[in-house]
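J.: In the working numbering, the protein residues as written are 227 to 498.
Positions of the beta carbon are idealized from the N, C-alpha and C atoms, including for glycine.
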Ligand code: ATR
């Protein structure tokens, strides 16, 4: 039986066991995927013993993504650029680390708003770990400018510096001026979780009519930010698909079959 894990600290909130469990059942695969809480002090030991504990690989989540990036034997292109690993697998005895967050972000938008790759100016709100993967994917799509706006300017500036001259960091106060310039707008902050923000929502009134708007928060599915964009009749894409799609490459590596992201899966992950 093939076995995979997700490690984090804490880990009880993770939806990954449910999501991979759905696919294992659906495809009748003799495998398991389980959440393992690993304290930061035990991370190295856990990583060293992955194969001897019978695992084919697994996922890595907060707070371990950057530490794991430091200790794997080999990194894929996305993990190298993003500086964080969320997926582990073996090639022989070599431990490989990849980052599928950027892929998941892109694949979700490809499914619901394929035109998103044709824009010229993007606006990324927030500059945390998730924003790094998103900026990487946006740049891969050929955008000429990626504005990064963050409450803490220094983090926006550090992120922009990681990815070169197409990325421009701005102060939070510039958000209102930048929103009307963007073809594609993504909220990567947790603003959506706590009921909204006075700066952000009214400013959406000035956004281009054809702009595509997405949020990576998926609880609630329609964040206040997406609701405001929807009220303004902008094209919106919710964040759940990013979670579902980022899981695809890992599942394929551990269990040997490329799973499909379907409405049934979406409803299953949303339920309970
Ligand atoms: P993640 O890895 O999910 O991106 P993170 O690294 O904690 O999480 O980043 C959270 C992001 O949400 C940051 O950009 C944070 O801004 P700061 O860098 O200034 O902390 C942003 N954020 C969180 N709460 C916010 C709020 N109430 N208003 C604006 N930005 C907020």
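(1) Once the 5 residues before and after residue 317 are set aside, which same chain residues still bring their CB inside 8 Å of it?
(2) Comparing alpha-carbon positions, which option in 475, 414, 269 lies nearest residue 289?
(3) Please list, in chain order, all residues of the same chain as residue 454 whose beta carbon is under 7 Å from its beta carbon, the five residues on each side excluded.
(4) Can you tell me the Cα-Cα spacing of residue 230 and residue 481, whole angstroms?
(5) Along the chain, where does the beta strand (DSSP E) containing residue 318 start, and where does it finish?
(6) Taking Cβ positions, are residue 276 and residue 327 nearer each other than 9 Å?
(7) Please name the residue in 272, 247, 233, 232 whose C-alpha comes closest to that of residue 485.
(8) Please say whether residue 397 and residue 379 have beta carbons closer to each other than 9 Å?
(9) CB of residue 398 to nearest heavy atom of the ligand FMN: below 8 Å?
(10) Given that a residue counts as buried once 16 or more other Cβ atoms are within 10 Å of its Cβ, and exposed if not, what is residue 467?
(11) Is residue 383 near the ligand ATR, judged by its Cβ being under 8 Å from some heavy atom?
(12) Secondary structure at residue 433, three-state DSSP: helix, strand or coil?
(13) If we require 3 or more residues per run, which beta strand (DSSP E) segments fall completely within the region 365–409?
(14) Using 9 Å as the threshold, is the C-beta distance between residue 283 and residue 313 below it?
(15) Which residue or residues does DSSP assign as beta-bridge partners of residue 439?
(16) Are the beta-carbon atoms of residue 495 and residue 335 separated by less than 9 Å?
(17) Would residue 339 and residue 385 qualify as a contact pair, given that the criterion is a beta-carbon distance under 9 Å?
(18) Please report the straight-line C-alpha distance between residue 344 and residue 437, rounded to a whole angstrom.
(19) Given 8 Å as the limit, tell me if residue 377 has its C-beta closer than that to any heavy atom belonging to the ligand ATR.
(20) Tell me the DSSP secondary structure of residue 474 in three-state form.
(21) If distances are taken between C-alpha atoms only, which option among 414, 256, 233 comes closest to residue 483?
(22) How big is the Cα-Cα spacing for residue 374 and residue 399?
(23) So for residue 306, helix, strand or coil by DSSP?
(24) Would a check of beta-carbon distances place residue 254 closer than 9 Å to chain C?
(25) With DSSP run on the structure shown, which of helix, strand or coil describes residue 509?
(26) For the alpha helix (DSSP H) holding residue 558, just list the boundary residues, first then last.
(27) How many angstroms separate the CA atom of residue 412 from the CA atom of residue 383?
T.: Checking against the coordinates, here is how it stands:
(1) Only 300 meet the Cβ criterion.
(2) Comparing Cα positions, the closest option is 269.
(3) Cβ within range, chain order: 427, 430.
(4) Spanning the two alpha carbons is a distance of roughly 9 Å.
(5) Looking at the DSSP string, residue 318 is not in any beta strand (DSSP E), and its letter there is neither H nor E.
(6) A distance of 9 Å or more separates the beta carbons of residue 276 and residue 327.
(7) Among 272, 247, 233, 232, the Cα nearest to that of residue 485 is on 247.
(8) Residue 379 is a Cβ neighbour of residue 397, given a cutoff of 9 Å.
(9) This structure does not include the ligand FMN; its bound ligands are the ligand ATR.
(10) Using a 10 angstroms sphere on the CB of residue 467, the tally of other CB atoms reaches 16 or more, which defines it as buried.
(11) Proximity of the beta carbon of residue 383 to the ligand ATR is not indicated: no heavy atom of the ligand is located closer than 8 Å.
(12) DSSP, reduced to helix, strand and coil, places residue 433 outside both helices and strands of the structure shown, so it counts as coil.
(13) Entirely contained in the region 365–409, the beta strand (DSSP E) runs reaching 3 residues are, in chain order, 371–376, 393–397.
(14) For the pair residue 283 and residue 313, the CB atoms are nearer than the 9 Å cut-off.
(15) Note: residue 439 sits in a beta bridge opposite 411, 462.
(16) Using a Cβ distance threshold of 9 Å, residue 495 and residue 335 do not count as a contacting pair.
(17) No, they are not a contact pair.
(18) So the two alpha carbons sit approximately 11 Å from each other.
(19) At least one heavy atom of the ligand ATR is nearer than 8 Å to the Cβ of residue 377, so yes.
(20) DSSP places residue 474 in helix when its eight states are reduced to three.
(21) Check the Cα spacing between residue 483 and each of 414, 256, 233: the tightest is with 256.
(22) The C-alpha of residue 399 is placed about 12 Å away from the C-alpha of residue 374.
(23) DSSP, read as helix, strand or coil, puts residue 306 in helix.
(24) Here there is only one protein chain, and chain C is not present.
(25) There is simply no residue 509 to check, as the chain begins at 227 and stops at 498 in what is shown.
(26) Residue 558 lies beyond the residue range present for the chain, which begins at 227 and ends at 498; the question has no answer from this structure.
(27) For residue 412 and residue 383, the gap between their C-alpha atoms comes out near 17 Å.
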